[in-house]
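Working notes for the structure below.
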Amino acid sequence: MIRRLLLCLTLALATAACGQAPTDPPAKQPQTKPAAAPAGVTAPAADSGVAPRINPSRAMQYVREIVGMGPRPVGSAGHRKLEAYLRTQLKGDNVETDGFTATTPAGSFPMRNYIARYPGTKEGVIVIATHYDTLYARQDFVGANDGASGTGLLLELAHHLRAGKRNGPSVWLVWLDGEEAFQVWSATDSLYGSRHLAQKWQKDGTTKKIQAFLLLDMIGDADLSIERDSNSTPALLKMVEQAATRLGYQSHFFRREVPMEDDHRPFARAGVPVADLIDFDYGYANAFWHTSDDTLDKLSPRSLEIVGDVVLESVRLLSQ
Ligand code: 1BN
Ligand code: ZN
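Each residue of the sequence shown is one higher than the one before, counting from 0 in numbering that gives the first Met the number 0.
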């Protein structure tokens, strides 16, 4: 698997070095979800060599609507509202609801991961994941950055992935449940959704097909600075850095190295190449993290655009 990833990266880097980063602004798109193309009708989208771009205002609108649902801890009305919203936004797509019961220090809870699958022409899978729950037992926490930013950006990415069968591996978007601790973060009180899914995918052989697992968490901070996570796969971080550099966004990436505990860890332990794209410097000395200050006014559509475009460019590089 690592050999396949390295070969892919070598090819991708060689191609990337020959191209020019595009300078055109993203095209404005309607706020409504376009109708899904009928199966088997669209030809694979040719790779023009031009990096695809997301729609930052639409991405921000998703985040705004999610924050408007209020706190979204597991078991809450806000959490149920967001689940219904995800199902509505992904209607017509191939979505699996991965339900399970989690044992937590606060009791047993039903949880659900959502997996939307977009087929490609090649073997293998690229997973782009985020978590959609917010801190448990905090009614003053709306998680604009920690929860809503990744959830909204993945909904925006879905627009690009459903546009037609891509040349390259399949892309799966995953909204993970139960990332947050119920009491104090520990190996057993955290990452409920990702631990469940990594175990399931290891058992059924899916982990062997995953070329890359890209995790997006806290990516909406207006003052965007994505960490170099020392628990991520170095070759995958290198590829993300290459994508960011091609787009001229490298100043927002990898200035500081930190070991991150997050939803990528169970997949890394299962042998999957992973990259955690997280800005863990949210406000001065991360002061807004897990507080009532994690609100929409701290975010910027530009940050969603930077991360979204880097992810799409990374998918393009991984597809070559
Ligand atoms: C990220 C956002 N995390 C929780 N919300 C993961 C994490 C937990 C990061 C503990 C650092 C410490
Ligand atoms: Zn959190």
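C-beta atoms are modelled at their ideal positions from N, C-alpha and C, and glycine is treated no differently.
Proximity of S313 and R165 at Cβ, strictly below 9 Å: no
Beta-carbon separation (whole angstroms), L246 vs A58, contact threshold 8 Å: Contact flag wrong, Cβ pair sits at about 16 Å.
Check: G151 C-beta below 8 Å from any heavy atom of the ligand ZN: no
Three-state secondary structure assigned by DSSP to L295: helix
DSSP bridge partner residues for E256 (one or two, in chain order): R227
Any 3 or more C-beta pairs closer than 8 Å across the region 227-243 and the region 266-282: yes
Segment contact flag, the region 67-80 with the region 139-150, C-beta cutoff 8 Å, min 3 pairs: yes
Contact test: E260 Cβ vs the ligand 1BN heavy atom, cutoff 8 Å: yes
Residue closest to V257, alpha-carbon to alpha-carbon, out of V239, D228, I277: D228
Reference E179; option with closest CA among G146, T87, G219: G146
Within the region 43-72, ranges of the alpha helix (DSSP H) (whole runs, at least 4 residues): 55-66
Coarse secondary structure for G177, derived from DSSP in three states: coil
Same chain, Cβ closer than 7 Å to S329, neighbours up to 5 away in sequence not counted: Any property of residue 329 remains undetermined from this structure, which presents the chain solely from 0 to 319.
DSSP-derived helix/strand/coil call for S185: coil
Range of the contiguous beta strand (DSSP E) that encloses M217: First-last for M217: undefined, no H or E at that position.
Residue range of the unbroken beta strand (DSSP E) whose run includes T100: 93-103
Endpoints, beta strand (DSSP E) assigned at D275: 273-277
Which residues DSSP lists as bridging T129, in chain order: W174
Validate contact between the region 108-123 and the region 79-99 using beta carbons, cut 8 Å, 3 pairs: yes
Contact set for A243: own chain, Cβ-Cβ below 6 Å, skip 5 residues either direction: Q249, F252, V309
Between the CA atoms of E155 and P43 - distance to the nearest angstrom: The pLDDT assigned to P43 is 46, lower than 50, so where the model puts this residue is not dependable, and the model offers no usable value.
C-beta contact flag for I127 and L215 at 9 Å: yes
I53 beta carbon less than 9 Å from that of H159: yes
Straight-line Cα distance separating L175 from V273: 15 Å
Same chain, Cβ closer than 6 Å to F108, neighbours up to 5 away in sequence not counted: V73, G74, A101
Cβ-based burial, P168 [other Cβ within 10 Å; buried from 16]: buried
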